[in-house]
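Okay, so the sequence shown: first residue is 25 according to the numbering used here, each after it adds one. Before any comments, here is the structure.
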Amino acid sequence: MKKINLMLVDDEEIFRKVLSNELSLMGYEVLSLSSGEEACERINRENFDVVLLDIKMPGMGGIEALKAIKDSKPLTEVIMLTGHGTIDNAIKSMKLGAYDYLTKPCSLEELEAIIEKAYEKKYLAQQNIILKQDLERMDEYPEFMGQGSGIKMVLELIRKIADSDLPVLIQGEGGVGKELAARLIYKNSLRKDNVFVVVDCTSSDERRLEEKIFGSERKSSLKGKELKGSLLETAHTGTIFFDEISELSLATQEKLLDLLTKGRFKRVGGKEEITIDVKVISSTKKNLFNITQLGYFREDLFYRLNSLSIFIPPLRERKEDIAILAEYFLAHPTIPGKKGKELSKEVRNLLMEYSWPGNVRELKNVLERAMILSEDKFIYPKDLPPNLRGEESFLPSDSFKNFSPLEEVEREYIEAIVKAFGGKRRKVAEILNISERNLYRKIKKYNIKDF
């Protein structure tokens, strides 16, 4: 348990020395001072849990020192020490924010009890502030809500590495929130006021992707030199995020390694080296070490990217967080008019038993779909996809027979959103948080007819 950090302020030297020694023997960390002026100077530089403050001292008295201490460190609890003739001042100090007062001399048992209670109050106030900050942050990043040790470790790692300019590799299955983790690192970094650029590495057109990342330079008979800017130049002084970096071609990997090694790169077709200042974050759902051993990814680049590493656990390993996430998604629906839905007991059990191959993304999609289909306040098993109920899916045509359970959930979810908004493409894309172009691809893939 943490040692309670005490400041003892009293101008009576013998009393101060005796009490300081007794408190140290009781296991407290004690700083002993003789004046209010000294106390105010130290409180501005250091943190103390509890201050024991004499009311009547020459120079700055206890009441004045109390005001200064509470102004500087509002959470620090102050216990006033008073003689029999200063009770009125002790009561006045309580109105100014003192935790309590004790009349000298007092028993060590009484003093210990009041110190422990004062510390408990300070600790709870601190925890409430931390919780409030966490909730404000989690409203933007709900995927990282939870009480489990796995997700708490991820958040602690993000906090520790955010200010470093070393490359960060984020690994985890699809749907766990890798891009959100990257954005959380960026938002907590020294580069947070600069740009955050995302590179989707899954493009099938390798040449075009390389030109997007590094830019291009061509000679033109009409225009002379034709330049196309790069995402790297856009990200200068900011952060660039390579999503699914394992999909990069070996040629592009080589150029990226050169950038990480030298801090410079050349445009495709160009000769001039461009110096860049950028923080690199990358993600992959594959085991990058394994595909490196198989020769599909450069080993030297892997070790560069893996300077700092974060693994986001799958939802099936975060069982204690499923109910918390579900309640959040129900309380913050993306579809108007669906707030206030609750889970039936049967649905709660089904959510806990399911393996969630699509992780948090799948959980959100399942609940959004259920909110659309639910006909009253509660969500029942009938509102869930068949695979969550342990039933075989009914697929309307052979064109769906090769879809995974996660793809089936996504298809049903998109269909439900399309129907809810009468086929309005822009609104559907906004609700799904994807581009209209990406929506068009999914509509085509799943053969959805309502557009």
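Beta carbons are placed, not taken as given, at the ideal position from N, Cα and C, and that holds for glycine.
Just to confirm, is the Cβ distance from Ile79 to Thr106 under 8 Å? yes
Relative to the alpha-carbon of Asn311, which residue among Asn71, Lys97, Glu268 and Ile182 has its alpha-carbon at the smallest distance? Glu268
Could you check whether Gly262 and Asn218 sit closer than 8 Å to each other, using their CB atoms as the reference points? yes
Ala122 versus Arg328, Leu132, Lys146 and Glu134, residue with shortest Cα-Cα distance: Lys146
Cβ-Cβ distance between Arg385 and Ala347 below 8 Å: no
Please classify Glu167: is it buried, with 16 or more other beta-carbons within 10 angstroms of its beta-carbon, or exposed? buried
Where Ile28 sits in the DSSP three-state scheme: Coil, per DSSP.
Measure the C-alpha to C-alpha separation of Glu431 and Glu296 and round it to an integer number of angstroms. 45 Å
Helix, strand or coil: which one does DSSP assign to Glu65? helix
Note down, one range per segment and in chain order, each alpha helix (DSSP H) of at least 4 residues found wholly within the segment 158-243. 173-185, 202-211 and 230-238
Does the beta-carbon distance from Leu374 to Leu329 come in below 8 Å? Not closer than 8 Å, so no.
Determine the burial state of Pro191: buried for a count of at least 16 other Cβ atoms within 10 Å of its Cβ, exposed for fewer. buried
Could you tell me which uninterrupted beta strand (DSSP E) segments, each at least 3 residues in length, are contained entirely in the segment 28-52, listed from first to last along the chain? Counting only runs of 3 or more, we get 29-33.
What does the alpha-carbon distance come out to for the pair Leu256 and Arg242? 18 Å
According to DSSP, simplified to helix, strand and coil, what is Val302? Shown here, Val302 sits in coil according to DSSP, grouped into three states, outside any helix or strand.
With DSSP as the reference, please indicate the residues paired to Ser56 in a beta bridge. Leu32
If we ignore side chains and look at the alpha-carbon of each, how far apart do Arg289 and Leu332 end up? With the sequence shown as reference, residue 289 is identified as Phe, and Arg is not the correct amino acid for it. Leu332 has its alpha-carbon roughly 23 Å from the corresponding atom of Phe289.
Are the beta-carbon atoms of Leu281 and Arg322 separated by less than 8 Å? yes
Kindly confirm or deny that the segment 167-181 and the segment 389-397 touch, where touching means at least three C-beta pairs closer than 8 Å. no
Measure how close the beta-carbons of Val292 and Glu235 come, nearest whole angstrom, since I'm counting them as under 8 Å. With 8 Å as the limit, Val292 and Glu235 qualify as a contact, their Cβ atoms being about 5 Å apart.
Under the three-state DSSP convention, the category Lys252 falls into: strand
Using a threshold of 7 Å, is the CB atom of Pro409 nearer than that to any non-hydrogen atom of the ligand HEM? For the structure depicted, the ligand HEM is absent and the ligand set is empty, with no information on it obtainable.
Use the C-beta contact count for Tyr327: other C-beta atoms within 10 angstroms, 16 or more gives buried, fewer gives exposed. exposed
Compare the Cα-Cα distances from Pro360 to each of Glu436, Ile298, Phe445 and Lys303 and report the closest residue. Per the Cα distances, Phe445.
Pick from Ile67, Ile185, Leu32 and Ile175: whose alpha carbon is nearest that of Arg481? In the structure displayed, the chain extends from 25 to 475; residue 481 sits before or after that span and is not available.
Looking only at its own chain, which residues have a Cβ that is under 6 Å from the Cβ of Glu230, when we skip the five neighbours before and after it? Ser273
Rounded to whole angstroms, how far is the Cβ of Ser117 from the Cβ of Met104, which I believe are closer than 8 Å? 5 Å
Let me know if Val54 comes out buried or exposed under the rule of 16 or more other beta-carbons within 10 Å of its beta-carbon. buried
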